[in-house]
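Colleague: Can you keep this structure in mind? I'll have questions shortly.
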Amino acid sequence: MTAMVSRAVGAPIARLEGPAKVSGAARYAADYPQDHLAYGWIVPSPVPRGRLDAVLTDPAAADVLAVLWHGNAPQLQSSDDPELAVLQSDRIAYRGQPLALVVATTLEAARRAAQLIRLDITAEEHDVELRADHPDHYRPEKVNPDVPADTGEGDVEAALVAAPVAVDVTYTVPALHNNPMEPHATIARWDGDELVLYDSNQHPSGIAEAVGAVFGLTAERVHVITEHVGGGFGSKGTARPNAVLAALAAWVTERPVQVVLPRQAMFSVVGHRAPTVQRLRIGAEADGTLTAIDHQTWTQTSRLFEFVESAAVVTRDMYPVPNLRTAHRVVPLDVPTPRWMRAPGEAPGMVALECALDELATELGADPLDLRLRAADPGLAACLRAGAERFGWSGRDHRPRQRREGDWWIGTGVAGATYPATAMPSTARVRALADDNFEVAIGAADLGTGARTVLAQIAADELGVPVEAIRIRIGDSTLPAASVAGGSSGSASWGWAVTGACRLLKSEHRDEAVFDTTDLVERQNRKDRHARGAHFAEVRVDAVTGEVRVSRLFGMYDAGRILNPRTARGQFLGGMIMGMGMALHEESVLDPAAGTWVNHDLAEYHVPTHADVEWIDAAWLDRPDDDLNPIGARGIGEIGIVGSPAAILNAVWHATGTRIRDLPARPDKLLE
1 MTAMVSRAVG
11 APIARLEGPA
21 KVSGAARYAA
31 DYPQDHLAYG
41 WIVPSPVPRG
51 RLDAVLTDPA
61 AADVLAVLWH
71 GNAPQLQSSD
81 DPELAVLQSD
91 RIAYRGQPLA
101 LVVATTLEAA
111 RRAAQLIRLD
121 ITAEEHDVEL
131 RADHPDHYRP
141 EKVNPDVPAD
151 TGEGDVEAAL
161 VAAPVAVDVT
171 YTVPALHNNP
181 MEPHATIARW
191 DGDELVLYDS
201 NQHPSGIAEA
211 VGAVFGLTAE
221 RVHVITEHVG
231 GGFGSKGTAR
241 PNAVLAALAA
251 WVTERPVQVV
261 LPRQAMFSVV
271 GHRAPTVQRL
281 RIGAEADGTL
291 TAIDHQTWTQ
301 TSRLFEFVES
311 AAVVTRDMYP
321 VPNLRTAHRV
331 VPLDVPTPRW
341 MRAPGEAPGM
351 VALECALDEL
361 ATELGADPLD
371 LRLRAADPGL
381 AACLRAGAER
391 FGWSGRDHRP
401 RQRREGDWWI
411 GTGVAGATYP
421 ATAMPSTARV
431 RALADDNFEV
441 AIGAADLGTG
451 ARTVLAQIAA
461 DELGVPVEAI
471 RIRIGDSTLP
481 AASVAGGSSG
491 SASWGWAVTG
501 ACRLLKSEHR
511 DEAVFDTTDL
521 VERQNRKDRH
531 ARGAHFAEVR
541 VDAVTGEVRV
551 SRLFGMYDAG
561 RILNPRTARG
571 QFLGGMIMGM
581 GMALHEESVL
591 DPAAGTWVNH
601 DLAEYHVPTH
611 ADVEWIDAAW
621 LDRPDDDLNP
631 IGARGIGEIG
641 IVGSPAAILN
651 AVWHATGTRI
661 RDLPARPDKL
671 LE
């Protein structure tokens, strides 16, 4: 297939996003009207491992345009991501894998026909259970995000033996699933040989490149429109099978095709946070000085594609010690491929590290805040001190069950937080318009985080005009290429490009300026920088039922310049609440016999609701980091989830005396 991209679709232009969203005018991936639109419905594998021998359909099914499977689907080109090679092989790698796609003139007809299809499958023995002693575990060369799997400094074993005080504990974090409000969705249309995708994703130019590759097209020949996105949490950072399936079906039927994943498919097709088993050994002097840390982690990947959750990486930076060892081992299983989920690596890794540190404080008979302050760098120490003052932390007795009100035990907890501060290459274009307004164009994606608002503010400040004079064009792969909306790098990356283009426009008195940050970012990223944070929690635990209520949750952050206090606070609070879910609610429950997650919907996969959030607040230090990028921002999207689960779990221990090392902290575990 060869094609030239049609520019007729047009890129979205917006001043303010709020009115469009609250009025229902904002268009998401499945909202774009198309002539003769057809609907695709995925037929998932009912087994986790085996071979698909045939697909048997009713040839008289009404309104069905096509049933695609590996026996009749057009051949795709090879891809760096094997999961995009949909309907290309008879091999079944996980339960829920798309085995066929029914395309019909109505959604109801497609779904009904998919229910009636018979699959001729040769099932095989499967293995879906992660164990630290699994015989097939191995050391990967790299872990996410492309860093060494193992590191070592000093003599860890000797230091642990010599330490007057030490802990040796194992924490397990279950599989967790991204569940944005808007599921993954795509409308694909071929205008002759031209491919247009209306797709919900975090990286329009990246999706254009990935989907184009499997159809033999360059990125310039694919037009991806991502005007509004109803959340992603990392799951939409790369192209997913729904986009390829929609494009395949549109090619075969010669009409636009919509593929929207039902909620249940979100638990199999789009990735998840892999479960981890983490062993922490920490040694210290009697005064609390840390002397050694050994962080070993085991996790899983699919047999299709290696993705390694990097839970031990966070320990390499958090608390400098003379003797430090971190290691990752991974087991290939018959499961879907894990992918990015908010703060990949850092979120589960910090649970184990910060809870183990709390256990060390208990052994020392020390205030856990004082122990952290002794080991913290200046940024973390500043967050701990300022956060303790705002929260009202006046020291904590190292003994649990010291405060009770009626049936409720009361406890408090603290945890540190960190997340890398990075920027990625991006390009922006700024143009002066005839009406004294300015257009800012960059191929970024707004996941609901307020990217449009912040970019408009950045441009207005640089150009010296009211923010109302800025028109923002984003969410389109034909605009200047931007980095992925992920890794807490969006504002730092895109804002840098916008700042550069605005300055170029002013200094050279142009009507249009384009600025590419690639060379600048490559030089700047050689510096190792992190945002820091501190979380404080107060919980109540019912002595009769084991119910846990988070009475207060507070976060203090050192994240560089805060570009918009309102949107920033929303990001911090959202991360902290997601951390609450990680600590108390969220758990993808595996059925080993069936090889699937049994609670694959929002009725049974529990997340925090309004009633769970009693009092929550966030604040930050006013410390712009102008050495990192021109706007001085470090990134805020993920650090909120990094430490809040540990703070809550530490508070649960302080309230009850029960240390939950197998997340989440369900009532049955507290009543054992």
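Quick note on numbering: the sequence shown equals residues 1 to 672 in full-length UniProt numbering. Every residue, glycine too, gets a C-beta built ideally from N, C-alpha and C. Quick caveat: nothing in here was measured; it's all calculated off a predicted structure.
Where in the stretch 376-455 do unbroken runs of the alpha helix (DSSP H), each at least 4 residues long, occur, reported from the N-terminal end onward?
Modeller: Within the stretch 376-455, the complete alpha helix (DSSP H) runs of at least 4 residues are 378-391.
Colleague: Terminal residues of the continuous beta strand (DSSP E) containing Arg325?
Modeller: It spans 323-333 - the beta strand (DSSP E) in which Arg325 sits, taken as one unbroken run.
Colleague: Mind checking Lys142: buried by the 16 CB within 10 Å criterion, or exposed?
Modeller: So Lys142 counts as exposed.
Colleague: Enumerate in chain order the residues of its own chain whose CB-to-CB distance from Val128 is below 7 Å, with the five nearest sequence positions on each side excluded.
Modeller: Counting only Cβ-Cβ distances below 7 Å, and skipping sequence neighbours, we find Pro48, Leu333, Asp334, Val335, Leu590, Pro592, Gly595.
Colleague: Please name the residue in Leu130, Leu84, Ala265, Ser78 whose C-alpha comes closest to that of Val43.
Modeller: Taking only the C-alpha atoms, the option nearest Val43 is Ala265.
Colleague: On the three-state DSSP scale, how would you describe Thr297?
Modeller: Thr297: strand per DSSP, three-state reduction.
Colleague: Find the nearest neighbour of Ile639 within the set Ile577, Gln97, Ala210, judged by alpha-carbon distance.
Modeller: Answer by Cα proximity: Ile577.
Colleague: I'd like to check one pair, Met350 with Val314: are the Cβ atoms closer than 8 Å?
Modeller: A contact, by the Cβ cut-off of 8 Å.
Colleague: Suppose you measure from the CA of Ala543 to the CA of Trp408; what does that come to, to the nearest Å?
Modeller: Distance between the alpha carbons of Ala543 and Trp408 is about 6 Å.
Colleague: In its own chain, which residues sit with a C-beta less than 7 Å from the C-beta of Pro480, not counting the 5 before and 5 after it?
Modeller: Counting only Cβ-Cβ distances below 7 Å, and skipping sequence neighbours, we find Thr427, Ala428, Arg429, Ala441, Ile442, Gly443, Val514.
Colleague: Starting from Glu108, trace the alpha helix (DSSP H) in both directions and tell me its first and last residue.
Modeller: Segment 107-116, the alpha helix (DSSP H) holding Glu108.
Colleague: Can you name the start and end residues of the beta strand (DSSP E) that Glu124 belongs to?
Modeller: Here Glu124 belongs to no beta strand (DSSP E), and DSSP marks it neither H nor E.
Colleague: For Trp340, which of helix, strand or coil comes out of DSSP?
Modeller: In the structure shown, Trp340 sits in coil (DSSP, three-state: anything other than H, G, I, E or B).
Colleague: Would you say the stretch 248-262 touches the stretch 288-301, given that touching needs at least three Cβ pairs under 8 Å?
Modeller: In short, these stretches do not touch, since the Cβ pair count stays below three.
Colleague: What residues are listed by DSSP as bridge partners for His184?
Modeller: Paired residue(s): none; His184 is not in a bridge.
Colleague: Taking just the CA atoms, how far does Gly379 sit from Leu369?
Modeller: Their Cα atoms are separated by approximately 15 Å.
Colleague: Which same chain residues, not among the five before or five after Gly450, have their C-beta less than 6 Å away from its C-beta?
Modeller: Cβ within range, chain order: Thr567.
Colleague: Are the CB atoms of residue 673 and Ala366 nearer to each other than 8 Å?
Modeller: Not covered by the structure: residue 673. The range shown for the chain is 1 to 672.
Colleague: Indicate whether Gly406 and Glu227 have their beta-carbon atoms separated by less than 8 Å.
Modeller: No, the pair does not count as a contact, with Cβ atoms beyond the cut-off.
Colleague: Assign Ile13 to one of three DSSP states: helix, strand, or coil.
Modeller: Interpretation of Ile13 is limited by its pLDDT of 40, a score under 50 that renders its predicted location unreliable; no figure is taken from the coordinates.
Colleague: Using a Cβ-Cβ cut-off of 6 Å (strictly less than) and excluding sequence neighbours within five positions of Pro12, which residues of its own chain qualify?
Modeller: Confidence at Pro12 is low in this model, with a pLDDT of 37, below 50, so the placement of that residue should be treated as unreliable; the coordinate-derived value is given next. Excluding residues within five positions, the ones whose Cβ falls inside 6 Å are Glu227, Gly475.
Colleague: What residues in its chain sit with their C-beta under 6 Å from that of Gly411, if we drop five residues either side in the sequence?
Modeller: Taken in chain order, the residues that qualify are Val539, Ala651, His654, Ala655.
Colleague: Among residues of its own chain, excluding the 5 on either side of Glu547, which ones have a beta-carbon nearer than 8 Å to its beta-carbon?
Modeller: Answer for Glu547: Val541, Pro667, listed in chain order.
Colleague: To the nearest angstrom, how far is the alpha carbon of Thr561 from that of Asp622?
Modeller: Here residue 561 is Arg; the residue named in the question, Thr, does not match the sequence. When rounded, the distance between both Cα atoms is 7 Å.
Colleague: Candidates Val454, Val103, His223, Leu176: which alpha carbon is nearest Ser491's?
Modeller: Looking at the Cα atoms, Val454 is the closest of the given residues.
Colleague: Mapping DSSP to helix, strand and coil, what is Ile458?
Modeller: Helix, per DSSP.
Colleague: Looking only at DSSP bridge pairs, what is Leu590 linked to?
Modeller: Leu590 pairs with Trp597.
Colleague: Compare the Cα-Cα distances from Arg316 to each of Val598, Ala286, Asp528 and report the closest residue.
Modeller: Checked all of Val598, Ala286, Asp528; the closest Cα to Arg316 is Asp528.
Colleague: Just verifying my parser: in three-state terms, what is the DSSP assignment at Gln524?
Modeller: If DSSP states are grouped into helix, strand and coil, Gln524 belongs with the helices.
Colleague: For Val321, which of Arg27, Leu520, Gly154 has the nearest alpha-carbon?
Modeller: Considering only alpha carbons, the answer is Gly154.
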